[in-house]
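Protein chains in written order, with this note's numbering: chain A, 13 to 96; chain B, 147 to 290. A short worksheet on the structure shown next.
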């Protein structure tokens, strides 16, 4: 299984905790959103305060846990929204 | 049906301009909702709010909001503007204008739009409290 690097954009408190608006997460090929979530938790422990609450978006839409990911997609990770 | 308008801006929102975008002689009703920066929240004093957006996705989600609204109500025009950046007390963070032939649709659609915006549009606010501390508002997460 080939490893791949997924670039993940971060926003709001996630961005501040990681001290970066873009992180690189190493995952196996054919990875899912659920596995990316797990990989983020392992590789970026600074995001621990938000664990379990982070939302994942793929190509500007909320992603389901079983959705497959590729390096070509735009992936973002952020806490629950609070606009308005 | 009028062309709808959505925007994320770092400039002050001109709600008169926004409202004019939806006004029409086909409509007997225009509803304008504005969200403004409130000073007191549960006994704590705010001095400013910082808003951050994921702009590309926010545009998509705002368009989705408009589609969901049009699926449920026969409204004429919808205009939504959300501000980002540093806002002080009383400033407008969001404005939503809706027009329709009769008032019921405009009121209901306007209510739905702001409620749904707060659920799905990727924008966040950070409180700047009067004691000098800051705190992201992330519903469901205790930050202290």
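Using N, Cα and C, we set each Cβ at its ideal position, and we do this for glycine too.
Pull up the distance between the alpha-carbon of residue i and that of residue j, whole angstroms please.
| i | j | result |
| --- | --- | --- |
| residue 208(B) | residue 265(B) | 11 Å |
| residue 234(B) | residue 16(A) | 44 Å |
| residue 37(A) | residue 82(A) | 12 Å |
| residue 191(B) | residue 283(B) | 14 Å |
| residue 239(B) | residue 40(A) | 41 Å |
| residue 162(B) | residue 274(B) | 28 Å |
| residue 290(B) | residue 67(A) | Its pLDDT being 48, under 50, residue 290(B) is placed unreliably by the model, and the measurement read from it follows with that caveat. Straight-line Cα distance between these residues: approximately 20 Å. |
| residue 73(A) | residue 206(B) | 8 Å |
| residue 152(B) | residue 272(B) | 23 Å |
| residue 253(B) | residue 56(A) | 45 Å |
| residue 277(B) | residue 70(A) | 38 Å |
| residue 267(B) | residue 14(A) | 35 Å |
| residue 51(A) | residue 18(A) | 10 Å |
| residue 35(A) | residue 214(B) | 33 Å |
| residue 158(B) | residue 228(B) | 10 Å |
| residue 33(A) | residue 20(A) | 8 Å |
| residue 211(B) | residue 255(B) | 10 Å |
| residue 242(B) | residue 285(B) | 22 Å |
| residue 199(B) | residue 95(A) | 8 Å |
| residue 90(A) | residue 248(B) | 39 Å |
| residue 167(B) | residue 54(A) | 49 Å |
| residue 226(B) | residue 150(B) | 8 Å |
Taking only three categories from DSSP, how would you classify residue i?
| i | result |
| --- | --- |
| residue 29(A) | helix |
| residue 191(B) | strand |
| residue 50(A) | helix |
| residue 66(A) | coil |
| residue 73(A) | strand |
| residue 16(A) | strand |
| residue 58(A) | helix |
| residue 287(B) | coil |
Which one or two residues does DSSP pair with residue i in a beta bridge?
| i | result |
| --- | --- |
| residue 44(A) | 80(A) |
| residue 197(B) | 231(B), 271(B) |
| residue 34(A) | 21(A) |
| residue 39(A) | 16(A) |
| residue 87(A) | 20(A), 70(A) |
Self-check item: Length at least 3, wholly inside the segment 147–185 of chain B: the beta strand (DSSP E) runs in chain order
Solution: 151–155, 175–182
*asked:* Restricting to runs no shorter than 4 residues, where is the alpha helix (DSSP H) found entirely within the segment 218–284 of chain B?
replied: 249–266
Query raised in the report: Would you say the segment 204–223 of chain B touches the segment 168–188 of chain B, given that touching needs at least three Cβ pairs under 8 Å?
Result: yes
Do the segment 55–65 of chain A and the segment 17–29 of chain A touch if we need at least three Cβ pairs shorter than 8 Å?
-> yes
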